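Counting along the sequence shown from 1, when you hit position 4 you're at 4 in the UniProt record's numbering, and nothing is skipped either side. Working notes for the structure below.
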Amino acid sequence: MANPTNLPHPTHQIRARQTPTTLTVYQAYPPSIALPAAQSHRFPPAWKRDRMTWIKPSFLWMMYRSGWSRKEGQERVLAIEISRKGFDWALANACLSAYQPDVHADRDAWRAALRGSPARVQWDLERDWRLQPLPYRALQLGLSGEAARRYADEWLVSVVDVTGLAHAVHERVRAGDEAGARELLPEERVYVPEGGGRLGALHGAGVPAAGHGPGQLAGDRRGLRGRGGR
């Protein structure tokens, strides 16, 4: 497997494990949701379609968010393969999760976009193999309403429990084995969505590559707590 963080990157760029028709995103859940999902390749009834759920193409950002899958409620990490068409639809129907004056005419315009968009784009500082912040950003995509329903019912191709991989990488990190940790990382390549020009409007002009305290974009969500898909 290849290291996704050893080359220079634009400030905002989607990188993902992908095939010609699919890409892989990551979510962390408690065993009560993750285990049946991995067994059936579908989310169980406990997974609520009426709640916003956040998907992450970056494996290392998922490791940062879940504490190597050891945080409460995030004990199992799932690699979820979805259709590129579905992911591209979500991007095409997304708005920025935080107000950006260089993008939105005013806060009222941003709030109107939020009300009319079933998906949210959020950029967080990418993480290296030790989960330290890097000077470029990784995508999180929040899905609600129609987007969450289509994600669960139409876009899913496979669901694989990769908690063992998360722990194996973490063991090598703790041992200081950089080469060994990098060897295990999923190969993530630049992802260009269909109609990629739309993505430029979702970068949030004027957002610096680094800063905002602990590596978080202005407005970046501690409020992800309590949401589906940590």
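The beta carbon of each residue, even a glycine, is placed where N, CA and C say it ideally should be. The structure displayed is predicted, hence computed values, not measured ones.
Please name the residue or residues paired with Tyr29 in a DSSP beta bridge. Answer is Arg76.
If you draw a straight line from the alpha carbon of Trp54 to that of Arg174, how long is it in whole angstroms? For Trp54 and Arg174, the distance between alpha carbons rounds to 28 Å.
Going straight from the alpha carbon of Pro208 to that of Glu126, what length do you get? Model confidence at Pro208 stands at a pLDDT of 35, short of 50, so the residue's coordinates are unreliable; what they give is reported in the following sentence. Taking the straight line joining both Cα atoms gives about 13 Å.
Where Gln140 falls: helix, strand or coil (DSSP): Secondary structure at Gln140: strand, using DSSP grouped into helix, strand and coil.
For Arg17, is the classification buried or exposed, using 16 other Cβ atoms within 10 angstroms of its Cβ as the cut-off for buried? So Arg17 ends up on the buried side.
Taking buried to mean at least 16 other C-beta atoms within 10 Å of its own C-beta, is Ala179 buried or exposed? Exposed, since its Cβ has fewer than 16 Cβ neighbours within 10 Å.
Taking 7 Å as the cut-off, decide whether the C-beta atoms of Ala119 and Ala94 are in contact. Yes.
For Pro36 and Pro44, what's the separation of their Cα atoms in angstroms? C-alpha separation (whole angstroms): 6 Å.
Looking at Tyr136: is its Cβ nearer than 7 Å to the Cβ of Thr24? With contacts defined as CB atoms closer than 7 Å, Tyr136 and Thr24 fail to qualify as a contacting pair.
Would you mind working out which of Leu134, Gly176, Trp155, Lys56 sits nearest Lys85, comparing C-alpha positions? Nearest option by C-alpha distance: Trp155.
Leaving out five residues before and five after Met62 in sequence, what residues of the same chain have Cβ atoms less than 7 Å from its Cβ? Once the five neighbours on either side are set aside, the close Cβ partners of Met62 are Tyr26, Ala28, Lys56, Val77.
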